[in-house]
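Everything in the sequence shown is counted per full-length UniProt numbering, starting at 1 for the first residue and increasing by one. Every residue, glycine too, gets a C-beta built ideally from N, C-alpha and C.
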Amino acid sequence: MSFERARDHLAGLGLEGRILTFDVPSATVDQAAAAVGVAPERIAKSLTFLVHGAPVLVVVAGDARVDNPAFKATFGAKASMLGIDQAPELIGYPVGGVCPFAVAAGVRVCLDKSLRRFETVYPACGDAASAVELTLPELERASGSTDWVSVTRLPGS
């Protein structure tokens, strides 16, 4: 059901031809990178948080890690990730397939600047065996977000 919702949303934007489905799991960054055939940093992982009682989804590059001081400075709260049982209810997708489009009402979607290194990225597409290749403008359009944040750090920084 989650995959179909994401697919239908992308179809409405003319992007359904970019969806990839796999016979192997793609729930983790490394699994998704292997399934797609790209470096792990090009996987756009969707991290979910509860901020002041409301769900926030931040899309970050696969090699990026949350920088707690930057997160707190941006959102005014400590980074508190949703539990595995909370994501489907609050975001609309299960962990391992969380994507930044066609999310539940009231979810704020933000894109992290760590993604700006790439021409295209690969977020999940609603389940743990799919992805979609999108340019950054397409990711903005599909997610409905023009809110770029800087809440991560990259390896070696």
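- Item | K78, DSSP secondary structure in three states | As a position in the sequence shown, residue 78 is number 78, starting the count at 1. Three-state result, K78: coil.
- Query: Is V60 closer than 7 Å to K72 when the C-beta atoms are compared?
  - Reply: Taking the sequence shown and counting its residues from 1, one reaches residue 72 at position 72. Taking the sequence shown and counting its residues from 1, one reaches residue 60 at position 60. It is not a contact, given that the beta carbons lie outside the stated cut-off.
- Considering only the beta carbon of each residue, do A33 and I43 sit closer than 7 Å? The residue given as residue 33 occupies position 33 in the sequence shown. The residue given as residue 43 occupies position 43 in the sequence shown. Yes, the pair counts as a contact, with Cβ atoms nearer than the cut-off.
- Nearest residue (CA-CA) to L13, options S114, L134, D23, R153: Counted from its first residue, the sequence shown places residue 13 at position 13. Taking only the C-alpha atoms, the option nearest L13 is L134.
- Item | Proximity winner among Y93, L111, G156, S157, relative to A136 (alpha-carbon distances) | To locate residue 136, count along the sequence shown from 1; it is residue 136. Per the sequence shown, the amino acid found at residue 136 is Leu instead of Ala. When each option's Cα is compared against that of L136, the closest is L111.
- Of the residues L139, V109, S130, the one placed nearest T120, counting alpha carbons only: To locate residue 120, count along the sequence shown from 1; it is residue 120. Measuring from the Cα of T120, the nearest candidate turns out to be L139.
- Message: Distance check for V109 and W148, CA to CA, integer angstroms please.
- Response: What you label residue 148 is simply residue 148 of the sequence shown in a count that begins at 1. What you label residue 109 is simply residue 109 of the sequence shown in a count that begins at 1. Roughly 9 Å separates the two Cα atoms.
- Please report the residue range of the alpha helix (DSSP H) in which V29 lies. Counting from one through the sequence shown, the residue named residue 29 turns up at place 29. V29 -> alpha helix (DSSP H) spans 29-36.
- Label D69 either buried or exposed according to how many other C-beta atoms from any shown protein chain fall within 10 Å of its C-beta, with 16 as the threshold for buried. Counting from 1 along the sequence shown, the entry for residue 69 is found at position 69. In the sequence as presented, Asp is not what sits at residue 69; that position holds Pro. With fewer than 16 Cβ atoms within 10 Å of its Cβ, P69 is classed as exposed.
- Neighbour-count burial assignment, G156, 16 or more Cβ in a 10 Å radius: Along the sequence shown, one-based indexing puts residue 156 at 156. Exposed.
- Task: Quick one: give me the first and last residue of the alpha helix (DSSP H) that S2 is part of.
- Result: Walking along the sequence shown from the start, residue 2 turns up at place 2. Per DSSP, S2 belongs to the alpha helix (DSSP H) from 2-12.
- Message: With DSSP as the reference, identify every bridge partner of S157, one or two as the case may be.
- Response: Walking along the sequence shown from the start, residue 157 turns up at place 157. Note: S157 sits in no beta bridge, so no partner.
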